[in-house]
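Chains as they are written, first to last, in this note's numbering: chain A, 17 to 498; chain B, 17 to 111. Here a beta-carbon is modelled for each residue, glycine too, at the ideal position from N, C-alpha and C.
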């Protein structure tokens with residue numbers, strides 16, 4: 017059975033029409049996943065558990081659930097009960113959570129079948145896919161290029177068609193950037209719309225649970241299953257976006273689109289023209305498209321603010337990784353040496369360097385100079401975005417202006433005046449906006465996405481706009497074939 | 017420009033050790049980082065309150081007593097590298 021090109025909705029129809037059954041589908045997915053183990057995209061396959069759950073789901077079939085029998089991977093920074101969860105870090109090797117992340121429990125309740133854990137840049141830090149402790153993950157369409165990260169394994173598995181969806185987490189652009197590089201859909205919902213309970217933290221004031229799918233309608237389905245207030249997460253928020261699958265086609269013609277002129281003009285010529293052509297098409301379809309202003313000094317500070325805030329939060333939230341209570345312990349003469357050695361041996365280079373910058377910002381003398389300042393500028397960024405969303409409903413942003421870079425290119429700096437473009441997706445983490453990347457342009461097998469944002473807590477509107485743009489652009493359900 | 021010793025102390029604060037070579041690389045990168053942070057420092061933030069989360073309405077609250085979660089002690093201890101009886105163990109602190 018070749019299931020790989022099928023969307024969640026198509027799989028659902030075949031399952032309820034009994035053209036395929038859950039057990040057969042699960043076994044097929046496991047077989048396909050086994051074939052690509054050398055890609056490093058998978059940290060763990062849970063063959064036996066998945067098959068047992070598939071049998072259980074089949075017996076108590078809840079065919080009203082669109083996720084009944086649908087296989088998926090969870091990024092390995094989601095706690096999964098009785099299944100090793102390492103966040104692709106050596107220090108967490110052997111850690112078996114006694115509980116599920118809320119989002120995992122919700123998917124289980126809907127009958128979705130977890131088949132394994134997807135690799136990531138260690139502890140969610142990296143943005144490239146080169147920092148998993150188990151080895152690098154490359155772009156499925158071209159192994160000389162990056163897949164993007166930190167949700168690299170999840171992006172790889174969805175792009176290859178191994179599963180129709182996978183969970184991800186997005187602190188700066190960890191879902192939306194790899195979605196762009198892999199011709200798939202990646203959504204970071206509003207901050208707090210999906211519970212963070214059980215998501216291993218990187219930077220709690222920015223971290224957001226989200227997903228990869230291969231079309232926008234499927235994204236609405238997984239969001240319907242996982243959105244909701246959770247008392248276990250103090251930053252969880254009630255979100256009025258409900259029944260998004262049913263309402264996905266309902267975008268009002270009164271919705272106003274907008275873009276920041278300098279941002280679009282700074283793109284390379286071909287990509288810039290593609291954006292302006294798309295704006296013309298939107299106008300022909302009866303939508304208003306407006307230029308909006310955004311202070312350049314704030315855009316230029318995005319990378320620094322991200323580093324100041326996220327690195328500081330990361331060193332603090334990961335202080336519990338000490339080799340004492342769980343994970344790997346190194347030897348040492350006393351507890352200080354044991355902890356220091358466990359952390360030194362357990363963390364990769366990128367993580368340790370981020371911790372050091374975090375410690376620098378948290379140092380008594382620097383807290384006011386750097387960290388407090390960063391938080392003040394964060395407010396200015398949010399206020400600027402509030403102004404934008406008073407003028408328009410949907411802000412269009414380029415997630416990248418090129419296809420996935422070659423691995424060796426990742427160390428080359430872009431021109432300073434255009435550097436801000438590579439960090440622009442972090443805007444939505446600072447203000448908690450829903451933000452989705454969908455496929456936009458193609459160069460051979462490789463893609464360049466487009467990113468769509470709505471004001472915080474307007475997730476339904478964001479998905480409706482994405483669906484309408486997906487219909488105009490006409491690229492969806494793509495997989496990278498062998 | 018801070019010296020190597022400063023970064024070694026920072027490493028100690030975060031309970032990490034760096035090799036001589038790693039520290040040298042970090043010190044070399046600090047200049048780039050300082051320039052990047054300068055972009056933030058020059059922005060006027062007079063009378064701007066810091067923002068800790070995306071929204072201002074996030075606050076801590078007291079949970080209702082009826083929401084309790086317990087984790088099986090056996091599972092907790094099974095995750096520890098070493099344990100004895102009801103305790104996670106480590107090298108003796110007082111000898």
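Where residue i sits in the DSSP three-state scheme
i	result
residue 84 of chain B	coil
residue 20 of chain A	coil
residue 132 of chain A	strand
residue 469 of chain A	strand
residue 73 of chain A	helix
residue 401 of chain A	helix
residue 505 of chain A	Nothing can be reported for residue 505 of chain A: it is not among the residues displayed for chain A, which extend from 17 to 498.
residue 185 of chain A	strand
residue 503 of chain A	Nothing about residue 503 of chain A can be reported from this structure: the residues present for chain A run from 17 to 498 only.
residue 496 of chain A	coil
residue 165 of chain A	coil
residue 385 of chain A	helix
residue 25 of chain A	helix
residue 32 of chain A	helix
residue 17 of chain B	Residue confidence for residue 17 of chain B is low, a pLDDT of 49 falling below 50, so the modelled location carries little weight; the figure read from the coordinates is stated next. In this structure, residue 17 of chain B counts as coil in the three-state DSSP scheme.
residue 239 of chain A	helix
residue 104 of chain B	strand
Inter-residue CB distance, residue i and residue j (contact presumed, cutoff 8 Å)
i	j	result
residue 149 of chain A	residue 364 of chain A	6 Å
residue 153 of chain A	residue 143 of chain A	Incorrect: roughly 12 Å between the Cβ atoms, too far for contact.
residue 445 of chain A	residue 186 of chain A	7 Å
residue 169 of chain A	residue 135 of chain A	4 Å
residue 66 of chain B	residue 403 of chain A	Their Cβ separation, rounded to whole angstroms, is 20 Å, which puts residue 66 of chain B and residue 403 of chain A out of contact at 8 Å.
residue 287 of chain A	residue 457 of chain A	7 Å
Alpha carbon of residue i to alpha carbon of residue j, nearest angstrom
i	j	result
residue 481 of chain A	residue 232 of chain A	10 Å
residue 97 of chain B	residue 116 of chain A	22 Å
residue 200 of chain A	residue 452 of chain A	10 Å
residue 479 of chain A	residue 485 of chain A	10 Å
residue 79 of chain B	residue 252 of chain A	13 Å
residue 73 of chain B	residue 234 of chain A	31 Å
residue 103 of chain B	residue 27 of chain B	30 Å
residue 122 of chain A	residue 99 of chain B	33 Å
residue 265 of chain A	residue 483 of chain A	7 Å
residue 28 of chain A	residue 43 of chain A	16 Å
residue 177 of chain A	residue 93 of chain A	21 Å
residue 348 of chain A	residue 34 of chain B	16 Å
residue 436 of chain A	residue 416 of chain A	11 Å
residue 219 of chain A	residue 277 of chain A	31 Å
residue 17 of chain B	residue 54 of chain B	With a pLDDT of only 49 at residue 17 of chain B, under the threshold of 50, the placement of this residue in the model should not be trusted; the figure read from the coordinates follows. Straight-line Cα distance between these residues: approximately 14 Å.
residue 237 of chain A	residue 492 of chain A	16 Å
residue 61 of chain A	residue 87 of chain A	12 Å
residue 162 of chain A	residue 155 of chain A	5 Å
residue 38 of chain A	residue 241 of chain A	19 Å
Within chain B, the residues that residue i reaches when beta carbons sit closer than 9 Å
i	result
residue 241 of chain A	Chain B residues near residue 241 of chain A: none, gap ~22 Å exceeds 9 Å.
residue 472 of chain A	70, 71
Boundaries of the beta strand (DSSP E) in which residue i is found, first to last residue
i	result
residue 140 of chain A	Unbroken run through residue 140 of chain A: none, as it is neither H nor E.
residue 161 of chain A	158-162
residue 60 of chain A	58-61
residue 451 of chain A	451-459
residue 309 of chain A	Unbroken run through residue 309 of chain A: none, as it is neither H nor E.
residue 90 of chain A	87-91
residue 45 of chain A	Segment 38-51 is the alpha helix (DSSP H) holding residue 45 of chain A; no beta strand (DSSP E) there.
residue 226 of chain A	224-229
Interface residues of chain B facing residue i [CB-CB closer than 8 Å]
i	result
residue 416 of chain A	Near residue 416 of chain A there are no residues of chain B at all, since even the closest Cβ is about 20 Å away, more than 8 Å.
Host alpha helix (DSSP H) of residue i (start-end)
i	result
residue 288 of chain A	285-300
residue 371 of chain A	365-378
residue 197 of chain A	192-197
Chain-ordered chain A contacts of residue i [CB-CB under 8 Å]
i	result
residue 52 of chain B	319, 320, 323
Contact set between residue i and chain A, taken where Cβ atoms lie within less than 7 Å
i	result
residue 57 of chain B	389
Partner residues on chain A for residue i, Cβ-Cβ distance less than 9 Å
i	result
residue 109 of chain B	350, 351
Chain B residues whose Cβ lies nearer than 7 Å to that of residue i
i	result
residue 383 of chain A	The premise fails here: residue 383 of chain A is roughly 11 Å from chain B at the closest Cβ pair, so nothing lies under 7 Å.
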